[in-house]
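Here the sequence shown is numbered in this note's numbering, starting from 1214 and rising by one per residue. Don't be surprised by glycine CBs; every beta carbon is placed ideally from N, CA and C. What follows is one structure encoded as structure tokens, with my remarks underneath.
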Amino acid sequence: MKNNLSRHLFPRLECKRFLEDTAYQEDILALVNRGVGGFVLFEGTLEEASDTIERLRSHSSDYLLLAADCEFGLPMRFPGGTEFTSMMGLGYADDPEMTEEVASAIAKEMEAIGLDWNFAPVLDVNSNPDNPIINVRSFGEDQDRVAEHGAAYIRGMQKNGIIGCGKHFPGHGDTSVDSHIGLPVLEAKRERLDELELLPFRRAVKEGVLSVMSGHLSVPALDPSGLPASLSSPILKRLREELEFEGVVVTDALDMGAIITRFGAEEGVVQAFLAGNDVLEIPKHPAQALKALSKACDDGRITQQMIDASSLRLQALVRWRKVHRRNFNLEVVLSDGASLAEQVASASLKVVDSTEGRGLFSNDVLVIILVDENSENSRENVARWIELLERQGYSDILPNVADEPDTIEDALQGSEATTVLLITSVRPRGGAGSVELSPRQQKIVRSINHSRSILLNLGNPYLLAQYLFGLRIDTFSSSLKSIAAGLSSLNVVRERVM
């Protein structure tokens, strides 16, 4: 009974660390020996991820389900794969066939390195512009569009053998709190939930989505107790009974603040299983979580009937995956993906030309780059962007990253350039609590002449909406292909007026 229950635990696994840290590798393999059902993979190159997966499979007699968050492609977790535009970019392009192609390409790359399960698509309707954690991860603000593209993404994923996962049930879009930090509350009435939040999930179930992720958010209209949906039996019963979902329900990560701070690491895991989740994703302390589940069995809180019903669903998912496994050559699918990503980047640009380019361009352009100052990869990303800008002929470039002195304000005052190209990139990031520029960066934006400036915005599309720039281009993505597409669009406007 307890061994069967361990199959429902899916701990975090960092690939690079697994290969380099002997003690960490032993801890992970000990969890395999204790019968966990799989892992959620993070951090590492494609080769490191592939090597990790191969070692795990050779060590386990049972089939491990290996999952990752690859919403816009492998680079969300593993550098080296094809980075596509965000889901909001796909929603803006509004070509469901293209969305299905993108999902197919992502699935093939995941399959090529040995992954089984993509925790995507995001089915949240981003109806709150201040949402700090969904934002460009959603297909947009319109529930019908989210439903249509979510279904297309699921088709593309599952027809290529990768398990799809609609998230974050019952809908995380109209919230203003990051569940990595605290517990968001969705205050909508039941009628509104049916019309908006639940619509994409209903469509996904009809499309045959194999798994659904429960969200860490309170929805009083569905459960007045205030429990997060991921720990709420009434809410997950609605998923089963009203939406008629028969597949696997997986929690959002159980090490997030919404769970840990209110319920504790171990009790949160137990309550998640009692609520009706089949997969307990990323417990903070896996070994202690197993002990807590074992004790809940001994105490009679978890019954054999609960375990049997959930185990049948998980076993069915494993069987589906084993039947649908495909064999893709990584080099081939990466080449195909790169070509598709370029097309998608061009198709998903939003261009607002308020001056029709008149008086906007000059030979002297000052490029200012403002990025999320707390992002771990900001300096590395900006360096790549600068290389691309220099290849396109831009030379006067001022990047503003975390530890730079206040050079931009001085440069603005002393610059002879008549045009400013402002490049901004702020994306949802777990634990950040905001998708805005810092106060210092906002001061820089206020100091420029907006009508004589061009905004190339690579992230949050609601950013700087209060300003009317001479030309605004939203790419919905900070990939090199999206930046290149944005610069090409800028050049089209330039050539038209010069």
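C-alpha distance - S1559 paired with S1695, whole-angstrom precision
Cα-Cα distance, rounded: 7 Å.
Take L1409 and list the residues in its own chain whose beta-carbon comes closer than 6 Å to its own, dropping the five residues that flank it on each side.
These residues qualify, in order along the chain: V1338 and Q1356.
Kindly indicate which residue of R1685, I1610, N1670 and L1700 has the alpha-carbon position closest to the one of S1638.
When only C-alpha atoms are compared, the closest one is N1670.
Residue range of the beta strand (DSSP E) that includes P1612
I1610 to N1613 is the extent of the beta strand (DSSP E) around P1612.
State the CB to CB distance for the pair V1349 and N1594, rounded to an integer number of angstroms; the pair is presumed to be in contact (CB under 8 Å).
Your pair V1349 and N1594 does not check out as a contact, with CB atoms roughly 15 Å apart and the cut at 8 Å.
For the beta strand (DSSP E) containing R1225, name the first residue and the last one.
If you look at R1225, you'll find it in the beta strand (DSSP E) that goes R1225 to E1227.
In three-state terms, what does DSSP make of T1312?
Here T1312 sits in helix by DSSP.
First and last residue of the uninterrupted alpha helix (DSSP H) at H1537
Run containing H1537: Q1517 to H1537, per the alpha helix (DSSP H) assignment.
Assign K1167 to one of three DSSP states: helix, strand, or coil.
It is not possible to answer for residue 1167, since the shown part of the chain is limited to 1214 through 1711.
Integer Cβ distance of A1434 from A1401, believed to fall under 8 Å
With 8 Å as the limit, A1434 and A1401 qualify as a contact, their Cβ atoms being about 6 Å apart.
For a test of the three-state rule: what should DSSP assign to M1469, helix, strand or coil?
Note: M1469 maps to coil in three-state DSSP.
Residues bridged to D1387 [DSSP beta-bridge criterion]
Per DSSP, D1387 has no beta bridge partner at all.
Collapsed DSSP secondary structure at S1424 in the structure displayed
Collapsing the DSSP output to three states places S1424 in a strand.
Have a look at Q1238, S1317, D1465 and S1389 and flag the residue whose alpha-carbon is nearest the alpha-carbon of R1539.
Ranked by Cα distance from R1539, the first of Q1238, S1317, D1465 and S1389 is S1317.
Which of the three DSSP states is assigned to V1546 in this structure?
Residue state, collapsed to three classes: helix.
Less than 6 Å between C-beta atoms, sequence neighbours within five positions excluded: which residues of the same chain meet that for S1692?
These residues qualify, in order along the chain: E1296.
Give the DSSP-derived three-state secondary structure of D1616 in the structure shown.
Because the pLDDT at D1616 is just 49, under 50, the model does not fix this residue reliably, and the point stays unresolved.
Starting from E1494, follow its DSSP beta bridges and name the residues at the other end.
In the DSSP output, where bridge partners are listed per residue, E1494 has F1223.
Can you tell me which of A1417, P1345, P1652 and G1421 puts its alpha carbon nearest to the alpha carbon of T1388?
The shortest Cα separation from T1388 among A1417, P1345, P1652 and G1421 belongs to P1345.
Can you list, in chain order, the residues of its chain with a C-beta nearer than 7 Å to that of V1564? Leave out the 5 residues immediately preceding and following it.
Contacts found: I1686 and S1702.
When DSSP labels each residue in this structure, what does K1563 get in the three-state scheme?
Reduced to three states, the DSSP call for K1563 is strand.
With the cut-off set at 9 Å, would you say L1493 and S1446 are in Cβ contact?
If you check the CB distance, L1493 and S1446 do not come in under 9 Å.
So, is E1324 buried or exposed, given that buried needs 16 or more other C-beta atoms within 10 angstroms?
A buried status is given to E1324, since no fewer than 16 other beta-carbon atoms sit within 10 Å of its beta-carbon.
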